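Colleague: Protein sequence lines, in the order shown, are assigned to chains Y and S.
Heads up: the first sequence begins at 30 in our numbering, then just goes up one per residue.
Heads up: the second sequence begins at -6 in our numbering, then just goes up one per residue.
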Amino acid sequence: MSNTLIEVKGLYKLFGSNPKAHMPLVHQGLGKDEILAQTGHTLGLKDINLSIKEGDISVIMGLSGSGKSTLIRHFNRLIEPTEGQILVGGTDVMSLAEKDLEQFRRHRMSMVFQRFGLLPHRTVLDNVSFGLTIQGIKKKEANERAIEWLETVGLGGYENQYPAQLSGGQQQRVGLARALATNADILLMDEAFSALDPLIRSEMQDQLVELQEKLQKTIIFITHDLDEALRLGNNIAILKDGELVQDDKPEEILLNPATDYVEAFVRDVNRARALTVETVMQPQEFRITATTIEEALKQMRAHKDDYAYHVTDDGYQGMLSQESLEEYYQEDKTAKLTEEHYEDLEPIAPDAALEEILPETLASDYPVPVVDEEGEFMGSLSRDALAEVLSPEASSEEANTDKSAPSEEGSETPAEKDESKVKQPTTSA
Amino acid sequence: MADASWLTSFPQLSRMELLTIRKTLDGAYKAFSREYGDAIESIFHPILAFLVWFEKLLINTPWPIIILVIGAIVYFASRSWKLLTGVVIALLLVGFFGMWEDTMSTLSMITVCTLISIVLGIPIGIGMARSDRFQKVMMPILDVMQTMPAFVYLIPVVMLLGIGKIPGLISVVIYAIPPVIRLTNLGIRLVDSEVLEAATAFGANGRQRLFNVQIPLAMPNIMAGINQTIMMALAMVVVASMIGVKGLGQPVLKSIQNQYFTLGLFNGLAIVALAIIFDRVSQAYAKRSQKHMKGAHS
Ligand SMILES: Nc1ncnc2c1ncn2[C@@H]1O[C@H](COP(=O)(O)OP(=O)(O)OP(=O)(O)O)[C@@H](O)[C@H]1O
Ligand SMILES: [Mg+2]
Chain Y
30 MSNTLIEVKG LYKLFGSNPK AHMPLVHQGL GKDEILAQTG HTLGLKDINL SIKEGDISVI
90 MGLSGSGKST LIRHFNRLIE PTEGQILVGG TDVMSLAEKD LEQFRRHRMS MVFQRFGLLP
150 HRTVLDNVSF GLTIQGIKKK EANERAIEWL ETVGLGGYEN QYPAQLSGGQ QQRVGLARAL
210 ATNADILLMD EAFSALDPLI RSEMQDQLVE LQEKLQKTII FITHDLDEAL RLGNNIAILK
270 DGELVQDDKP EEILLNPATD YVEAFVRDVN RARALTVETV MQPQEFRITA TTIEEALKQM
330 RAHKDDYAYH VTDDGYQGML SQESLEEYYQ EDKTAKLTEE HYEDLEPIAP DAALEEILPE
390 TLASDYPVPV VDEEGEFMGS LSRDALAEVL SPEASSEEAN TDKSAPSEEG SETPAEKDES
450 KVKQPTTSA
Chain S
-6 MADASWLTSF PQLSRMELLT IRKTLDGAYK AFSREYGDAI ESIFHPILAF LVWFEKLLIN
54 TPWPIIILVI GAIVYFASRS WKLLTGVVIA LLLVGFFGMW EDTMSTLSMI TVCTLISIVL
114 GIPIGIGMAR SDRFQKVMMP ILDVMQTMPA FVYLIPVVML LGIGKIPGLI SVVIYAIPPV
174 IRLTNLGIRL VDSEVLEAAT AFGANGRQRL FNVQIPLAMP NIMAGINQTI MMALAMVVVA
234 SMIGVKGLGQ PVLKSIQNQY FTLGLFNGLA IVALAIIFDR VSQAYAKRSQ KHMKGAHS
């Protein structure tokens, strides 16, 4: 497992003229609205504890106003916390003096912005080399490195254009190239793709994943879009009104939402696309290791199910049912187990999306075996387990039994839904 | 209700009291100017020397060369043949009607005043943008500078430095500098916060932020401020001529005193011509240097 690179400990942020004086109220556990009413201060973040692993894409998600931007701006101290600590590779960012903070920002972290944050009066090349010239690197070398990064993000040949001459997607590629050019090992991305249309957006997501495989940066990615979070994140942290409500692996967020709020977020996700076989399969302890029919039937009879998977030292071989084994036993009980004895059932890959294996799994009478690339037997996926995961009621049962749930759900619909409502008229106009 | 006279006539200071106030203040100021007048004058000496040198240069250089140089500046600033033609015709007409020398005097005065306004005004504007407290202090001062009748602050300047180019220059700068200060302040405050944040996030220090982000992005507003400053300096030329500034203002003043309508009109038109030249050229330059900020679509 990779190491923890960034640790946030007990982070609080209260916006206003005299935040320190009102911290006792926050510690008493008053909510954001009460604090605003009583003191005129806005509670931006409340007791955030978070660790971020080296080489991960960690997603921070939440509705508008939940404090995502506030949180990410604490990592490079664009915002000063009211209380708490942020450790990056063991250094306390809060303790850095101004000069050290500048060095830290130049070399350790770079950032990509929602509205790109490019310098409109400079060419694309000068924008990409911006971080390098700030570091004091000579113009010539900075430009050479900038050109390389422009080519990496697919914008070779655009060096002398101005940002306003590019499309949104291209501008954000410039923003990405600028961030990558400084060779910082941590990349902060604040809703970096939110201003882009869906097609360009998924293109950029693919590009980011591809780059990440090569560069192995530690990326903190902010979004309010769960599909994006699931697509990119190794880990997803969900914020609500400045509080961390769940911090988990993507499949855990989907399958075991911690609160109604998270539940409302995940309800409309296409699970068949978001989940892989691995996350929903059941491990199979029992396997038949025999070489002859007779032994196999003996092992099978001792087992509660009427089917089993034949696994040898060479890995997964095939699936056997008790019924047909009995028949083969009548014919020739000493025969070796071969190809012809197996049930007609293709194994599925652990990293396949549920969507891909849906038809054959639902059509099969037996749980489908899951076998990885090396032929190793991993477990099995039954029709019932698949159906349960995919039916939305299954996991929202708890929420629905709660009488107050429907009205609450209405008010807590994730932002993307609201947004799509807003967007429609503008696109049709 | 016997004595309600304070309602009908304002309860004011007596004549004697007012006189004392005036006398003391005037006396103090006179003493101050006797004491420090020369010292203060010597501070301005280099500016005066430059102004005189520049004026002589403009007047003594043969007129075709001046027109050539101005034409070149106009063309390189605006890249517009139309504007260039207009400027050359205007200058030829000014010379043809016998106002060449006065126009050159005014031109030198305006140029120096504008330069001084820029050199002082932009840093003050930057200071205001950086500190809310400084802004609070400066705002009323700028209001006073812009609304106080110019004649009023001519008096102390003349008392201090006498009549001549330097007092003229000071009063023109006082009158003309507020726009460049205000618009520099405004321009920097309006800089897109995300762009500034981006610069900070990449480790830019205060100086790098100022020169790489704030000033360039505030440029459209600063340019508008400079443009207004030039216009106001030109408008002040006539007033400044009352305290001995040579140039187009003096004939105007003479024609007011002697009711020479045509003389006034010609010189007035020459001032207008200069104003239009400055305005169009600086605007064309501003537009050209900022065209990539707007993008291909707009
Ligand atoms: N400078 C500030 N002064 C006062 N309140 C602030 C400030 N910045 C943020 N806030 C408040 O903090 C809360 C969190 O804001 P933040 O910008 O972090 O939200 P967000 O999750 O990034 O939202 P969005 O998705 O709209 O970007 C909001 O209630 C906001 O009003
Ligand atoms: Mg935000």
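Backbone N, C-alpha and C define an ideal beta-carbon position, used for all residues, glycine too.
As the structure is a computational prediction, the values presented were derived from the model and not from experiment.
Using a C-beta cutoff of 8 Å, does Thr247/Y count as contacting chain S?
Modeller: Mapped onto the first sequence, residue 247/Y falls at position 218. Answer no: the Cβ-Cβ gap between Thr247/Y and chain S never drops below 8 Å.
Colleague: What does the shell around ligand 1 hold, if a residue joins when its beta-carbon is under 6 Å from any heavy atom?
Modeller: Phe44/Y, Thr71/Y, Gly73/Y, Gly91/Y, Ser93/Y, Gly94/Y, Ser95/Y, Gly96/Y, Lys97/Y, Ser98/Y, Thr99/Y, His253/Y
Colleague: Using a Cβ-Cβ distance cut-off of 8 Å, determine whether Phe142/Y contacts chain S.
Modeller: Locating residue 142/Y in the first sequence gives position 113, counting from the first residue. Yes, Phe142/Y counts as interfacial toward chain S.
Colleague: Look at the alpha carbon of Met329/Y and the alpha carbon of Gln351/Y, and state the distance between them as a whole number of angstroms.
Modeller: One-based indexing of the first sequence puts residue 329/Y at position 300. One-based indexing of the first sequence puts residue 351/Y at position 322. If I take the Cα positions, the gap works out to 7 Å.
Colleague: Nearest chain S C-beta to Gly94/Y closer than 8 Å, yes or no?
Modeller: The count along the first sequence starts at 1 and reaches residue 94/Y at position 65. So, not an interface residue.
Colleague: Tell me which residues share the same chain as Arg102/Y and place their Cβ nearer than 7 Å to its Cβ, disregarding the 5 neighbours each side in the sequence.
Modeller: Sequence index remark: in the first sequence, residue 102/Y carries index 73 (1-based). Closer than 7 Å at Cβ, skipping near neighbours: Ile108.
Colleague: Any heavy atom of ligand 2 closer than 7 Å to the beta-carbon of Ala219/Y?
Modeller: In the first sequence, counting from the first residue as 1, residue 219/Y sits at position 190. Residue identity check: residue 219/Y is Asp in the sequence provided, not Ala. Within the cutoff, so yes.
Colleague: For the candidate residues Ile63/S, Ala263/S, Arg123/S, Ala169/S, whose alpha-carbon lies nearest to that of Gly114/S?
Modeller: Here residue 114/S refers to the residue found at position 121 of the second sequence. Checked all of Ile63/S, Ala263/S, Arg123/S, Ala169/S; the closest Cα to Gly114/S is Ala169/S.
Colleague: Taking Cβ positions, are Thr99/S and Gly240/S nearer each other than 8 Å?
Modeller: One-based indexing of the second sequence puts residue 99/S at position 106. One-based indexing of the second sequence puts residue 240/S at position 247. The criterion of a C-beta distance shorter than 8 Å is satisfied by Thr99/S and Gly240/S.
Colleague: Taking only beta-carbon positions, decide if Val212/Y is within less than 8 Å of chain S.
Modeller: On the first sequence, residue 212/Y is found 183 positions in, with the first residue counted as 1. Sequence inspection shows Asn at residue 212/Y; the Val mentioned does not correspond to that position. By this cut-off, Asn212/Y is not an interface position.
Colleague: Rounded to the nearest angstrom, what separates Ser46/Y and Val182/Y at their Cα positions?
Modeller: Reading the first sequence from its first residue, position 17 is the one you call residue 46/Y. Reading the first sequence from its first residue, position 153 is the one you call residue 182/Y. Taking the straight line from one Cα to the other gives about 43 Å.
Colleague: Within the present structure, is the beta-carbon of Val340/Y separated from the nearest heavy atom of ligand 3 by less than 7 Å?
Modeller: Inclusion of ligand 3 in the displayed structure is not the case, the ligand content consisting of ligand 1 and ligand 2 alone.
Colleague: Quick check: Leu261/Y and Gln234/Y, are their CB atoms within less than 8 Å of each other?
Modeller: If you number the first sequence from 1, residue 261/Y lands on position 232. If you number the first sequence from 1, residue 234/Y lands on position 205. For Leu261/Y and Gln234/Y, yes; Cβs fall inside 8 Å.
Colleague: Just to check my reading of the structure: Leu354/Y and Ile386/Y have Cβ atoms closer than 8 Å, yes? What is that Cβ distance to the nearest angstrom?
Modeller: Your numbering for residue 354/Y matches position 325 in the first sequence. Your numbering for residue 386/Y matches position 357 in the first sequence. Their Cβ separation, rounded to whole angstroms, is 26 Å, which puts Leu354/Y and Ile386/Y out of contact at 8 Å.
Colleague: Pick helix, strand or coil for Asn205/S, following the three-state DSSP scheme.
Modeller: Counting from 1 along the second sequence, the entry for residue 205/S is found at position 212. The answer is helix: DSSP assigns Asn205/S an H, G or I state.
Colleague: Just curious, the alpha helix (DSSP H) that Tyr22/S is in, first and last residue?
Modeller: One-based indexing of the second sequence puts residue 22/S at position 29. Counting along the chain, the alpha helix (DSSP H) containing Tyr22/S begins and ends at 8 to 36.
Colleague: To the nearest whole angstrom, what separates the beta carbons of Gln190/Y and Thr252/Y, a pair I think is in contact under 8 Å?
Modeller: In the first sequence, counting from the first residue as 1, residue 190/Y sits at position 161. In the first sequence, counting from the first residue as 1, residue 252/Y sits at position 223. At roughly 28 Å, the Cβ-Cβ gap does not stay under 8 Å, so Gln190/Y and Thr252/Y are not in contact.
Colleague: Quick one: does Met216/S have its CB under 8 Å from some CB of chain Y?
Modeller: Counting from one through the second sequence, the residue named residue 216/S turns up at place 223. It does not: the Cβ of Met216/S has no partner Cβ on chain Y nearer than 8 Å.
Colleague: On the premise that Gly186/Y lies in contact with Glu112/Y, defined as a C-beta separation below 8 Å, what is that separation, rounded to the nearest angstrom?
Modeller: For the purposes of this step, residue 112/Y is taken as the residue at position 83 of the first sequence. For the purposes of this step, residue 186/Y is taken as the residue at position 157 of the first sequence. Not quite, the Cβ-Cβ distance comes to about 49 Å (not below 8 Å), so this is no contact.
Colleague: Leaving out the 5 sequence neighbours to the left and right, which residues in its chain are closer than 6 Å to Glu441/Y when beta-carbon positions are compared?
Modeller: Start at 1 with the first residue of the first sequence, and residue 441/Y comes out as number 412. In this prediction, Glu441/Y has a pLDDT of 43, which is less than 50 and means its spatial position is unreliable; nothing more can be read from the coordinates.
Colleague: Determine whether the Cβ of Val88/S lies closer than 8 Å to any Cβ atom of chain Y.
Modeller: Along the second sequence, one-based indexing puts residue 88/S at 95. The residue you asked about is not Val; residue 88/S is Gly in the sequence shown. No, its Cβ sits nowhere closer than 8 Å to a Cβ of chain Y.
Colleague: Let me make sure I understand the geometry here. Which of Gln128/S, Leu108/S, Thr107/S has the alpha-carbon closest to that of Ile117/S?
Modeller: Here residue 117/S is taken as the residue at index 124 of the second sequence, counted from 1. Ranking Gln128/S, Leu108/S, Thr107/S by Cα distance to Ile117/S puts Gln128/S first.
Colleague: What does Thr193/S touch in chain Y if you count any residue whose Cβ is under 7 Å from its own?
Modeller: Counted from its first residue, the second sequence places residue 193/S at position 200. Neighbours of Thr193/S on chain Y, chain order: Leu107.
Colleague: Chain Y partners of Leu210/S, CB-CB under 9 Å?
Modeller: Taking the first residue of the second sequence as position 1, residue 210/S is located at position 217. Here the neighbours are Leu148, Pro149, His150.
Colleague: Just list the beta strand (DSSP E) runs in the segment 252 to 325 of chain Y, keeping only unbroken ones of 3 residues or longer that don't cross its boundaries, in chain order.
Modeller: Correct list: 264 to 269, 272 to 277.
Colleague: Among the residues of its own chain, which have a CB less than 7 Å from the CB of Val157/Y, if the five just before and after it don't count?
Modeller: Counting from one through the first sequence, the residue named residue 157/Y turns up at place 128. Taken in chain order, the residues that qualify are Ala175, Trp178, Leu179, Val203, Ala206, Arg207, Ala210.
Colleague: Among Ala325/Y, Glu384/Y, Asp335/Y, which one has its Cα closest to the Cα of Thr363/Y?
Modeller: For the purposes of this step, residue 363/Y is taken as residue 334 along the first sequence, with counting starting at 1. Looking at the Cα atoms, Ala325/Y is the closest of the given residues.
Colleague: Just to make sure I have the definition right: I need the residues of chain Y whose C-beta is within less than 8 Å of the C-beta of Gln201/S. Which are they?
Modeller: The sequence position of residue 201/S within the second sequence is 208, counting from 1. Those within 8 Å of Gln201/S in chain Y are Ile163.
Colleague: Any beta-carbon of chain S closer than 8 Å to the one on Tyr187/Y?
Modeller: Counted from its first residue, the first sequence places residue 187/Y at position 158. Tyr187/Y does not count as touching chain S.
Colleague: Is Val245/S closer than 8 Å to Gly257/S when the C-beta atoms are compared?
Modeller: Taking the first residue of the second sequence as 1, we reach residue 257/S at position 264. Taking the first residue of the second sequence as 1, we reach residue 245/S at position 252. Contact flag set, yes.
Colleague: Buried or exposed: Thr193/S, going by 16 or more other Cβ atoms within 10 Å of its Cβ?
Modeller: Reading the second sequence from its first residue, position 200 is the one you call residue 193/S. Under this definition Thr193/S is a buried residue.
Colleague: Determine which residues of the segment 68 to 91 of chain Y have a Cβ less than 9 Å from any Cβ of chain C, and write them out in chain order.
Modeller: Absent from the structure: chain C. Protein chains present are Y and S.
Colleague: So, for Ala122/S: in the same chain, excluding its five sequence neighbours on each side, which residues have a beta-carbon less than 6 Å away from its beta-carbon?
Modeller: Numbered from its first residue, the second sequence carries residue 122/S at position 129. So the qualifying residues of the chain are Asn178, Ile181, Arg182.
Colleague: Check the Cβ of His38/S against every Cβ in chain Y and list those closer than 9 Å, keeping chain order.
Modeller: Your numbering for residue 38/S matches position 45 in the second sequence. Ordered by position in chain Y, no residue passes the 9 Å Cβ test against His38/S, which lies about 39 Å from the chain.
Colleague: Going along chain S, which residues have a C-beta under 7 Å from Arg134/Y?
Modeller: Locating residue 134/Y in the first sequence gives position 105, where the first residue counts as 1. Correct list: Ala194, Phe195, Gly196.
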